[in-house]
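Every position in the sequence shown, counted from 1, becomes a number in our numbering once 36 is added.
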Amino acid sequence: MEHTALRPRPLPGRGPRAGGGPRPGGGPAHHPHAANRRRRRLRTLLLGACAGTLLVLSGVGIGAVGATVLGGAGETAPQPRAAAAPARDGGPRATLGVEAVDYGSPGALVVGVHTPGPGYRAGLARGDVLLQFGAARVDTAADLARAVARARPGSEVLLTVRHGGGGFQQLTVVPGVVT
């Protein structure tokens with residue numbers, strides 16, 4: 037009598053009736069899942085290439101997220117540092133050395149402070165909200181840019197700031213010159 041428990045069994049898909057061996061007509065063996073694997077590999081390769089390209093291209097724009105507050109006569113939005121030019125009247129252009137975005141109503145949220153800059157020396161920190169620049173009320177980052185544009189480099193200006201912890205403070209800043 038034959039013991040079936042001790043007899044080796046073929047792996048699934050490899051038995052004589054499952055199509056795992058040579059074809060009855062003598063042709064090559066049929067591998068039904070090989071095409072699926074090739075398609076999966078190709079799809080993975082294409083998706084990986086697309087994701088890599090997207091990450092590289094989006095990394096180019098990450099540095100331009102914040103608006104650097106440089107000011108400029110009559111501007112509606114801050115200009116990046118690379119596009120800085122003398123003011124329209126030919127005089128030097130003032131800079132505060134901070135990056136600000138619209139906070140809501142009122143104020144401009146400081147998202148970056150340039151370390152060797154006027155804002156850093158005055159005591160501004162990331163997370164502060166600028167409410168007033170001299171006599172000008174600051175409701176948006178564009179208002180701050182216009183106020184800085186009207187300021188004279190080297191003259192003291194009083195800032196009203198709400199810190200991240202909620203306290204208010206008045207700071208004195210001396211706008212610098214864009215070089």
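Where is the CB? At the ideal position from N, CA and C, for every residue including glycine. The structure displayed is predicted, hence computed values, not measured ones.
Item	Value
Cβ atoms of D175 and V146: under 8 Å apart, would you say?	no
For the alpha helix (DSSP H) containing G155, name the first residue and the last one.	P154 to A158
Considering only the beta carbon of each residue, do R79 and V214 sit closer than 8 Å?	no
Taking the alpha helix (DSSP H) that V165 belongs to, which residues open and close that run?	From DSSP, V165 is part of no alpha helix (DSSP H) but of the beta strand (DSSP E) over V165 to F169.
Report the CB separation of L160 from V184 in whole angstroms; it is logged as a contact under 8 Å.	Actually they are not in contact, since the Cβ atoms of L160 and V184 sit about 13 Å apart, beyond 8 Å.
Could you tell me the alpha carbon to alpha carbon distance between R182 and H199, rounded to whole angstroms?	22 Å
At what residues does the alpha helix (DSSP H) containing R186 begin and finish?	A177 to R186
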